[in-house]
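**Q** If you scroll down you'll find the structure; I have some questions about it.
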Amino acid sequence: MQAIAAIIRKDITQWLRRPLYFIASTLLAILIMWVVGNTIAGATSIPLGLYDPASISKLTKHLAESKKFKVFNYNNLEQAKRDLTSHKIAVLINVLQDPLEDQVWILTEGHNPLIDQQISMGILSVLTQKAKELDLPLHSSELFPVSFTLRDYVTPGLVAYLCYVLASMNLGFSWIYEWMEKTYRQIILAPHGLRTAIIAKTFTVALESSVVLWLALCITAPLADFTLGKNFAGLTYYILLSMFCFTSLGLCAACFLKTIRIYTMTISITGVALMFVSGIVIPVEAMPDWEQICAHILPVYYSADAFRGMMLGNPANYLQDTLVLLGWGCAGLAIASILLKRHQAIL
Amino acid sequence: MNTVPTKPSTPLIRVHGLTKAFKKQVAVNNLTLNIFPGEIYALLGDNGAGKTTTINMLTTLLSPTAGNFHICGHDGVKEPEKVKQYFGFVSQDLAIYQELTAYENLLFIADINAISRNESLPRINQLLKQTGLEDRANDLSGQFSMGMQRKLSIAMALLHKPRVMFMDEPTVGLDPLARRHVWEALVELRSQNVAVLFTTHYLEEAELLADRVGILHLGKLIVEGTISELKSKIKPMQGIEILLATNYSKESISEKLSHLQAKGFGTPDYDPICKRLVVPTGSNKELSEDFIQIIDWLKKEELAYSKIATSGPRLDEVFMAVSSES
């Protein structure tokens, strides 16, 4: 215990004496949480032109209330079309009054399918939510009405992703730095040093990463307006469990990659791929089949599932999430232990 | 002063048939040696001879392919965790925590070796005093000079009072003063009856400090013994050593050397890099006669010199002779 406490104390002291690193990792977490989260949640003021000279629709009010569009009312259709072509507006809604049937034409510029998709989603949301007021034969409702927004929904996935990023980063500085500085030998040449190091450093990395993540969440939540839920104990539990899982897997990777340069490069590239494959950006249900299989194997998916449950109250399979995260973590640790024992002389 | 200490019967380091084979080569081949308390043993060899691999095996970082070793009577192959408490290790890398103070570094080592605070705190203060780091105890070790960092790394290795010390090129990269401090530490260890095994590329260091020397070549211990025993193996190199004042090429001096040979001396050996000429002395002549003849020859050939003395072979000559024979 004395040895484990000594390594924990030493690692935390080193961490605190490198304030730039602490600040950088917190800023990175805030950046991902805020900027990426807002981007994934979608735009809140897509410029929308509305040509409804007779004011027969109530679209102005409902579109503005959706918080997705900034509505510009036009009296001149040609001017509106010119503005669409010159990207001053992203979409033009042309309300045509006809003796037989009123029509609503939605015009987009056409070169940007991504913005077209955003617009379609936004308009569909307005039409289905406000169908009654708009007197449309269109109805929508949820089986389980929820009170959270899309921004809230995106955040748990980002929290899971940040668990991966922060654990990997801290692990690199905890282990690989010791290998580079050759101070690792001081630890493993002590009796039972390897076992002590694995226990102590797994704890330290998980703790340091969790502190940074909590700090980022507390700073970003009020600014970006997303909810952390009310189950802080559960949230803390899954943060620590996810950190343990990714710390162990990171250590396993570090044993193969050995140098900080290759490790950092590999972790970054893997992180980009993970962001998309694990259902954080695009829902798993909307992915190709093979990607869905990948997503269901990877621990980030289960971490995100648990966080959605804790933060949003969504139904989640906590037992499965816990077992998968624990399983991956223990497997990573077991492989890492074998590799560390084998490579003592060269690390 | 290198004297062979009176050896108690039990060596503190016993190595028998130690072998390490990697996929493509055998790095250490059937190494057997014993090192006794209070003995400094220098393990020499070319790059790639197997010195570091040997140290790695003896410090339990690498498992041997065959053979065994005992440290203080405990089997290092079967009980690697147990032997760790008996040895200290100073590697050629400094291996100190730059973000911690000298005191914190030592305290960390004490804690990971499970030394109680009652024992470790006085010991830390003692070591800081011995190494002259007392005044810098609370400074970050990253701010120390290389010599001070080396002193700290030695102090860290000595904290748990090991009976055996392994040092892998401990003076590499140090200035002469810092090297001297390391030598003083080694001599101090000898006086404390610690068995020391160190590797070095500085042969004069081995000559100065070691009680016994072993030379590794391609993983095998090709020769072992005291300095005088090793030097006696290359008798022909004994003679009169002259340190020339000017650098001559071998070609420019060869004719002059032939004149010396004509006087009955053996084939002189000239090292243009060291400007060192060794003239083998004849066994039938008085040494004083040889001196007079050589000085006359130097005057006649107008060769300026800064030193002339009798010499035995140096360790580097032994090393080169033995390595080339193998």
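If you read the sequences in order, they're chains A and B. The opening residue of the first sequence carries number 1119 in our numbering; numbering runs sequentially from there. The opening residue of the second sequence carries number 5 in our numbering; numbering runs sequentially from there. For glycine and all other residues, C-beta sits at the position ideal for the given N, C-alpha and C.
Around the C-beta of residue 5 of chain B, are 16 or more other C-beta atoms found within 10 angstroms, so that it is buried, or is it exposed?
**A** On the second sequence, residue 5 of chain B is found 1 positions in, with the first residue counted as 1. Any reading at residue 5 of chain B must be qualified, since the residue scores a pLDDT of 39, below 50, and its modelled position is unreliable; the value itself is stated next. So residue 5 of chain B counts as exposed.
**Q** Please determine, among A/1270, A/1353 and A/1329, the residue with the shortest C-alpha to C-alpha distance to residue 1339 of chain A.
**A** By one-based count along the first sequence, residue 1339 of chain A stands at place 221. Selected option, being the one with the closest Cα: A/1270.
**Q** Taking only beta-carbon atoms, is residue 1308 of chain A less than 8 Å away from chain B?
**A** Taking the first residue of the first sequence as 1, we reach residue 1308 of chain A at position 190. Yes, residue 1308 of chain A lies at the interface with chain B (some Cβ there is under 8 Å from its Cβ).
**Q** For the ligand NAP, is there any heavy atom lying closer than 7 Å to the beta carbon of residue 1380 of chain A?
**A** Summarising the ligand content, the structure contains no ligands, and the ligand NAP is consequently not present.
**Q** Taking all protein chains shown into account, do 16 or more other C-beta atoms lie within 10 angstroms of the C-beta of residue 14 of chain B, making it buried, or fewer, making it exposed?
**A** In the second sequence, the residue the question calls residue 14 of chain B occupies position 10. The residue in question, residue 14 of chain B, is exposed, as its Cβ has fewer than 16 Cβ neighbours within 10 Å.
**Q** Please go through the same chain and pick out, in chain order, the residues whose beta-carbon is closer than 6 Å to the beta-carbon of residue 1311 of chain A, but skip the five residues on each side of it.
**A** Here residue 1311 of chain A refers to the residue found at position 193 of the first sequence. 1305, listed in sequence order.
**Q** Using a C-beta to C-beta distance shorter than 7 Å, which residues of chain B count as neighbours of residue 1463 of chain A?
**A** Taking the first sequence and counting its residues from 1, the one referred to as residue 1463 of chain A is at position 345. Residues of chain B passing the Cβ test: 60, 65 and 66.
**Q** Less than 8 Å between the beta carbons of residue 1424 of chain A and residue 1365 of chain A, yes or no?
**A** The residue you call residue 1424 of chain A lines up with position 306 of the first sequence. The residue you call residue 1365 of chain A lines up with position 247 of the first sequence. Their beta carbons are not under 8 Å apart, which means residue 1424 of chain A does not touch residue 1365 of chain A by this criterion.
**Q** The segment 92-104 of chain B: which residues have C-beta closer than 8 Å to a C-beta of chain A, in chain order?
**A** The residues in question are 93, 95, 97, 98, 99, 100, 101, 102, 103 and 104.
**Q** Suppose contacts are defined by Cβ-Cβ distances below 8 Å. Is residue 1302 of chain A in contact with residue 1392 of chain A by that definition?
**A** Taking the first sequence and counting its residues from 1, the one referred to as residue 1302 of chain A is at position 184. Taking the first sequence and counting its residues from 1, the one referred to as residue 1392 of chain A is at position 274. Contact: no.
**Q** What does residue 123 of chain B reach in chain A if we use C-beta pairs closer than 7 Å?
**A** Working through the second sequence from its first residue, we reach residue 123 of chain B at position 119. Chain A residues near residue 123 of chain B: none, gap ~12 Å exceeds 7 Å.
**Q** With 8 Å set as the bound, which would you pick, yes or no: does the beta-carbon of residue 1311 of chain A sit closer than that to a beta-carbon of chain B?
**A** Working through the first sequence from its first residue, we reach residue 1311 of chain A at position 193. Cβ-Cβ to chain B under 8 Å: yes for residue 1311 of chain A.
**Q** Kindly indicate which three-state DSSP category residue 252 of chain B falls into: helix, strand or coil?
**A** Taking the second sequence and counting its residues from 1, the one referred to as residue 252 of chain B is at position 248. In this structure, residue 252 of chain B counts as coil in the three-state DSSP scheme.
**Q** Does any residue of chain A have a CB that is nearer than 8 Å to the CB of residue 115 of chain B?
**A** Position 111 of the second sequence, counted from the start, is the residue given in the question as residue 115 of chain B. Yes - at least one Cβ of chain A is within 8 Å of the one on residue 115 of chain B.
**Q** Are at least three pairs of beta-carbons, each pair with one atom in the segment 192-200 of chain B and one in the segment 152-171 of chain B, less than 8 Å apart?
**A** Yes, the segment 192-200 of chain B is in contact with the segment 152-171 of chain B.
**Q** So with CB distances below 8 Å, who are the chain B contacts of residue 1131 of chain A?
**A** By 1-based counting over the first sequence, the position of residue 1131 of chain A is 13. Per Cβ cutoff of 8 Å: 103, 104 and 108.
**Q** Measure how close the beta-carbons of residue 107 of chain B and residue 1132 of chain A come, nearest whole angstrom, since I'm counting them as under 8 Å.
**A** Sequence index remark: in the second sequence, residue 107 of chain B carries index 103 (1-based). Sequence index remark: in the first sequence, residue 1132 of chain A carries index 14 (1-based). Not really, about 15 Å apart at Cβ, beyond 8 Å.
**Q** Tell me, please, whether the CB atom of residue 85 of chain B is closer than 8 Å to any CB atom in chain A?
**A** Sequence index remark: in the second sequence, residue 85 of chain B carries index 81 (1-based). Yes, its Cβ sits closer than 8 Å to a Cβ of chain A.
**Q** For residue 1128 of chain A and chain B, any beta-carbon pair shorter than 8 Å?
**A** By one-based count along the first sequence, residue 1128 of chain A stands at place 10. Closer than 8 Å to some Cβ of chain B, the Cβ of residue 1128 of chain A qualifies, so yes.
**Q** Report buried or exposed for residue 60 of chain B, applying the criterion of at least 16 other Cβ atoms within 10 angstroms of its Cβ.
**A** In the second sequence, the residue the question calls residue 60 of chain B occupies position 56. Classification for residue 60 of chain B: buried.
**Q** Check whether the Cβ atoms of residue 1070 of chain A and residue 1281 of chain A lie closer than 8 Å to each other.
**A** Nothing about residue 1070 of chain A can be read from this structure; chain A reaches only from 1119 to 1465.
**Q** First and last residue of the alpha helix (DSSP H) that includes residue 1416 of chain A?
**A** The residue given as residue 1416 of chain A occupies position 298 in the first sequence. Where residue 1416 of chain A is concerned, there is no enclosing alpha helix (DSSP H), given that its DSSP letter is neither H nor E.
**Q** By how many angstroms is the C-alpha of residue 1436 of chain A removed from the C-alpha of residue 1153 of chain A?
**A** Within the first sequence, the letter at position 35 stands for residue 1153 of chain A. Within the first sequence, the letter at position 318 stands for residue 1436 of chain A. Going from the Cα of residue 1153 of chain A to the Cα of residue 1436 of chain A covers about 29 Å.
**Q** Within the chosen definition, does the segment 207-221 of chain B reach the segment 33-46 of chain B through at least 3 CB pairs nearer than 8 Å?
**A** Judged by Cβ distances under 8 Å, the segment 207-221 of chain B makes contact with the segment 33-46 of chain B, as three or more pairs qualify.
**Q** At a Cβ cut of 8 Å, what residues of the segment 160-180 of chain B count as close to chain A, listed as they run along the chain?
**A** Here the close residues are 160.
**Q** If we define contact as Cβ-Cβ less than 8 Å, is residue 112 of chain B a contact residue for chain A?
**A** Numbered from 1 along the second sequence, position 108 holds the residue referred to as residue 112 of chain B. True, the Cβ-Cβ gap to chain A drops below 8 Å.
**Q** From the DSSP output, read off the bridge partner residues of residue 227 of chain B.
**A** In the second sequence, the residue the question calls residue 227 of chain B occupies position 223. Answer is B/219, bridged to residue 227 of chain B.
**Q** Anything in the segment 21-44 of chain B with a Cβ closer than 9 Å to a Cβ of chain A? List those residues in chain order, please.
**A** Per Cβ criterion, the list is empty.
**Q** I'd like the span of the beta strand (DSSP E) that includes residue 315 of chain B, first residue to last.
**A** Your numbering for residue 315 of chain B matches position 311 in the second sequence. Its beta strand (DSSP E) spans residues 309-315.
**Q** Just tell me which of A/1125, A/1369, A/1465 and A/1370 has its CA closest to the CA of residue 116 of chain B.
**A** What you label residue 116 of chain B is simply residue 112 of the second sequence in a count that begins at 1. Nearest of A/1125, A/1369, A/1465 and A/1370 to residue 116 of chain B, Cα basis: A/1125.
**Q** Distance check for residue 1148 of chain A and residue 1328 of chain A, CA to CA, integer angstroms please.
**A** Locating residue 1328 of chain A in the first sequence gives position 210, where the first residue counts as 1. Locating residue 1148 of chain A in the first sequence gives position 30, where the first residue counts as 1. Cα to Cα, residue 1328 of chain A sits roughly 13 Å from residue 1148 of chain A.
**Q** Need the endpoints of the beta strand (DSSP E) that residue 92 of chain B sits in, please.
**A** Here residue 92 of chain B refers to the residue found at position 88 of the second sequence. Looking at the DSSP string, the run of the beta strand (DSSP E) that includes residue 92 of chain B is 91-94.
**Q** Can you list, in chain order, the residues of the segment 1285-1300 of chain A whose Cβ is nearer than 8 Å to any Cβ on chain B?
**A** Of all residues in the segment 1285-1300 of chain A, 1299 and 1300 have a Cβ within less than 8 Å of some Cβ in chain B.
**Q** Taking 8 Å as the threshold (beta carbon to beta carbon), is residue 1410 of chain A in contact with chain B?
**A** Your numbering for residue 1410 of chain A matches position 292 in the first sequence. Chain B, which has no Cβ nearer than 8 Å to the Cβ of residue 1410 of chain A, makes this no.
**Q** From residue 7 of chain B to residue 229 of chain B, what distance separates their C-alpha atoms?
**A** Taking the first residue of the second sequence as 1, we reach residue 7 of chain B at position 3. Taking the first residue of the second sequence as 1, we reach residue 229 of chain B at position 225. Note that residue 7 of chain B scores a pLDDT of 46, beneath 50, so its modelled location is shaky; the value from the coordinates is reported in the next line. Cα-Cα distance, rounded: 12 Å.
**Q** In chain order, what residues of the same chain have a beta carbon less than 7 Å from the beta carbon of residue 297 of chain B, not counting five sequence neighbours either side?
**A** The sequence position of residue 297 of chain B within the second sequence is 293, counting from 1. Result list for residue 297 of chain B: 267, in chain order.
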